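Peer 1: If you're matching positions, the sequence shown starts at 657 in my numbering and goes up one per residue.
I have a structure I would like to understand better, so I am pasting it below and will then ask my questions one at a time.
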Amino acid sequence: MGERRMARRYLVVGAGVAGVTACQSIRDNDPEGDIRLFTDESYPFYSRMRLPEVVSSKVEPERLVLRGPAWLEERGIRFHPGEKIEGIRLDPLTVISARGQYRADKLLLATGGYSFVPPIHGAGLGGVFCLRTMADALQIRDQAQQATKALVIGGGVLGLELGNALRARGLEVTVVEVFDRLLPRQTDPGAASILQKTMEQMGFRFRLGVRPVEIRGDGKRARAVLLQDGQSLEGDMFLISAGVRPRLELAKAVGLTMDKAVVVNDRMETSIQDIYAAGDCVQHRGLYYGIWPAAEQQGLVAGTNMAGAEASYTGTLMSNQLKVLGIDLLAAGETDPEGSLEAELVCDPPRGVYRKIVYKDDRIVGTILLGDISGHKKILRALEEGRSLGSLKGSVLRDPDALGD
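Now the structure itself:
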């Protein structure tokens, strides 16, 4: 009889969508492999996008869990919640935590990102929060029970959803955004104007195109935000939602090649053999995505290759499909906020509808669909394929079905 091969040891650092998808892919391709999944959070894989629902008390934290301990156990994945990996040793490949050291044949860094806090004086005062983790959501929820007025710094998707969660609790909410429109990454001025009017009717207040320069307090607790124009806005709690930056501490310490994030190839391999990376901590072909679909696809490719099979990642369409305060929004490709490209447009402010197709020559290169996303699957398919539309150009919004299946 031949000798039994030792099970290959896989370590995955980070239990978000990239890490958990990689674990599933490893198991699919290596039924005997020894898989360990580490996270410094106490919760298993959950939906970060739904954290505002915890803030509003619409749901309890357990409802957000997508892959719990039972799911992991069924697949033979050893779960290490609340165990922060503090270092990596290369020879032999080992990860180190306060609880122990673990050898690896293949290592995946799926460390995700952290909430970026702009250099605002006073941002460290009590009563100032960011929302990234379940622990953050619970802390904000508890504080909101004693508050009446909240200021949200940042008018992106998370900032607006967080503001809406606080508004649902009865707080007066003001959103401060340095750009001159809401959702600057997803919208153009026309779509943003319609969204803003809808939100103002819901009770939101806005200060757009102005930068917060200082958070002032009584020594320990924040009481007001001073804006660039000299206005001071008072509040009981202050929420900073200024985007996400990749978590790179481990990658830097071990010497991985980096630019804006960890540089990976199409196999999700880093510059060091047997170390892979995926999700919000990576940069691929010069692009940093920071979106769920990209992290999921990257995790799948990383896990497949770690287990000895073959897969390639060639990129993800920059697309966001979501509900902002219950309003459907889809933005993909080049949304052309400057209005420099040819576009097909349907604008119906009374209905809260804004639909835009952006063209280069006779090809769709971008779209914004607000309030009515009908036909979006066919529009996205034409965008992804780079299909020449010929005579259909300019009539897609009128009849998306003409694009075919």
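Quick reminder that beta carbons are idealized off the backbone N, C-alpha and C, glycines included.
Small disclaimer: the values here were computed from a predicted structure and weren't measured.
Just to confirm the assignment, what range does the alpha helix (DSSP H) spanning Gln-939 have?
Peer 2: Here Gln-939 belongs to no alpha helix (DSSP H); instead the beta strand (DSSP E) covers 938-940.
Peer 1: Pick from Ile-741, Ala-848, Pro-708: whose alpha carbon is nearest that of Asp-798?
Peer 2: Among Ile-741, Ala-848, Pro-708, the Cα nearest to that of Asp-798 belongs to Pro-708.
Peer 1: In the region 878-905, which residue ranges form an unbroken beta strand (DSSP E) of at least 3 residues, counting only runs that do not cross its ends?
Peer 2: 878-883, 888-890, 893-896, 900-902, all fully within the region 878-905.
Peer 1: Does the structure place the region 884-904 close enough to the region 764-775 that three or more beta carbon pairs sit under 8 Å?
Peer 2: The region 764-775 vs the region 884-904: in contact.
Peer 1: Compare the beta carbon distance of Asp-761 and Arg-665 with 7 Å and say whether it is the shorter of the two.
Peer 2: In contact: Asp-761 and Arg-665 (Cβ atoms closer than 7 Å).
Peer 1: Pick from Lys-876, Leu-895, Arg-704: whose alpha carbon is nearest that of Arg-947?
Peer 2: A quick correction: the sequence has Ile, not Arg, at residue 947. Here the closest residue by C-alpha is Arg-704.
Peer 1: Roughly how many angstroms separate the alpha carbons of Gly-672 and Leu-882, rounded to a whole number?
Peer 2: The alpha-carbon atoms of Gly-672 and Leu-882 are separated by roughly 36 Å.
Peer 1: Pull up the distance between the alpha-carbon of Leu-1001 and that of Tyr-1010, whole angstroms please.
Peer 2: Rounded to whole angstroms, Leu-1001 to Tyr-1010 spans 8 Å at the Cα level.
Peer 1: Using the Cα positions of Ile-682 and Phe-785, report the straight-line distance between them to the nearest angstrom.
Peer 2: Near 37 Å, if we compare the C-alpha coordinates of Phe-785 and Ile-682.
Peer 1: With respect to the alpha helix (DSSP H) encompassing Asn-820, which residues constitute its N-terminal and C-terminal limits?
Peer 2: It spans 813-824 - the alpha helix (DSSP H) in which Asn-820 sits, taken as one unbroken run.
Peer 1: Do you know offhand how far Ala-1058's Cα is from Ser-975's?
Peer 2: Cα-Cα distance, rounded: 22 Å.
Peer 1: Give every residue of the same chain whose Cβ lies closer than 7 Å to the Cβ of Leu-818, excluding the five residues on either side of it in the sequence, and list them in chain order.
Peer 2: The residues are Pro-708, Val-711, Leu-787, Val-808, Leu-895, Ser-897.
Peer 1: Smallest Cα separation from Gly-1027: which of Ala-848, Leu-822, Glu-742?
Peer 2: Selected option, being the one with the closest Cα: Ala-848.
Peer 1: For Ile-850 versus Leu-781, is the C-beta distance shorter than 7 Å?
Peer 2: Going by C-beta atoms, Ile-850 is not nearer than 7 Å to Leu-781.
Peer 1: Within a Cβ cutoff of 6 Å, which residues of the same chain sit near Ser-888, ignoring the five residues on either side of it in sequence?
Peer 2: Ala-880, Leu-882.
Peer 1: At which residues does the alpha helix (DSSP H) containing Asp-690 begin and terminate?
Peer 2: Element bounds for Asp-690: not the alpha helix (DSSP H) but the beta strand (DSSP E), 690-694.
Peer 1: What residues in its chain sit with their C-beta under 6 Å from that of Ala-958, if we drop five residues either side in the sequence?
Peer 2: Contacts found: Ala-678, Leu-764, Met-924, Tyr-932, Ala-934.
Peer 1: If you scan the region 663-722 from start to end, which runs of the beta strand (DSSP E) of 3 or more residues do you find wholly inside it?
Peer 2: You should have 665-669, 690-694.
Peer 1: In terms of residues, what are the limits of the alpha helix (DSSP H) holding Leu-978?
Peer 2: Not the alpha helix (DSSP H): Leu-978 falls in the beta strand (DSSP E), residues 975-980.
Peer 1: Given that a residue counts as buried once 16 or more other Cβ atoms are within 10 Å of its Cβ, and exposed if not, what is Lys-1012?
Peer 2: Buried.
Peer 1: Can you tell me which of Thr-926, Lys-740, Glu-730 puts its alpha carbon nearest to the alpha carbon of Leu-912?
Peer 2: If we check each option's Cα against that of Leu-912, Thr-926 comes out closest.
Peer 1: Measuring alpha carbon to alpha carbon, tell me which of Val-669, Val-869, Val-1014, Gly-989 ends up nearest Pro-775.
Peer 2: Ranking the options by Cα distance to Pro-775, first place goes to Val-869.
Peer 1: For Asp-984, tell me which candidate among Thr-960, Leu-728, Leu-1025 has the shortest Cα-Cα distance.
Peer 2: The candidate whose alpha carbon is nearest that of Asp-984 is Leu-1025.
Peer 1: Which residue marks the beginning of the beta strand (DSSP E) containing Leu-764, and which one marks its end?
Peer 2: Element bounds for Leu-764: 762-765.
Peer 1: Roughly how many angstroms lie between the CA atoms of Met-790 and Asp-936, to the nearest whole one?
Peer 2: Taking the straight line from one Cα to the other gives about 18 Å.
Peer 1: Report yes if the C-beta distance between Val-980 and Leu-997 is below 7 Å; otherwise report no.
Peer 2: No, the pair does not count as a contact, with Cβ atoms beyond the cut-off.
Peer 1: So, Arg-823 versus Val-832, is the Cβ gap smaller than 7 Å?
Peer 2: Contact flag unset, no.
Peer 1: Run the CB neighbour count on Pro-700, radius 10 Å, all protein chains shown included, and call it buried at 16 or more, exposed below.
Peer 2: It counts as buried.
Peer 1: Quick test of your reading: Leu-978 and Val-715, contact by CB under 8 Å. State the CB separation rounded to the nearest angstrom.
Peer 2: The Cβ separation is near 17 Å, so there is no contact.
Peer 1: Could you tell me the distance, in whole angstroms, from the CA atom of Lys-916 to the CA atom of Ala-950?
Peer 2: When rounded, the distance between both Cα atoms is 16 Å.
Peer 1: DSSP state of Val-910, grouped into three classes?
Peer 2: It is helical.
Peer 1: What does Cys-1003 pair with, by DSSP beta-bridge criteria?
Peer 2: DSSP, once it has assigned bridges, lists Tyr-1010 as partnering Cys-1003.
Peer 1: Going by DSSP, name the residue or residues bridged to Gly-782.
Peer 2: Answer by DSSP bridge pairing, in chain order: Arg-877.
Peer 1: Distance, Cα to Cα, Gly-955 vs Val-669?
Peer 2: Between Gly-955 and Val-669, the C-alpha separation is close to 12 Å.
Peer 1: For Pro-1005, count neighbouring Cβ atoms within 10 angstroms of its own Cβ and tell me buried if that reaches 16, exposed if not.
Peer 2: Per the 10 Å Cβ criterion, exposed.
Peer 1: Taking the C-alpha atoms as reference points, what is the distance between Leu-973 and Glu-890?
Peer 2: Roughly 41 Å between the two C-alpha positions.
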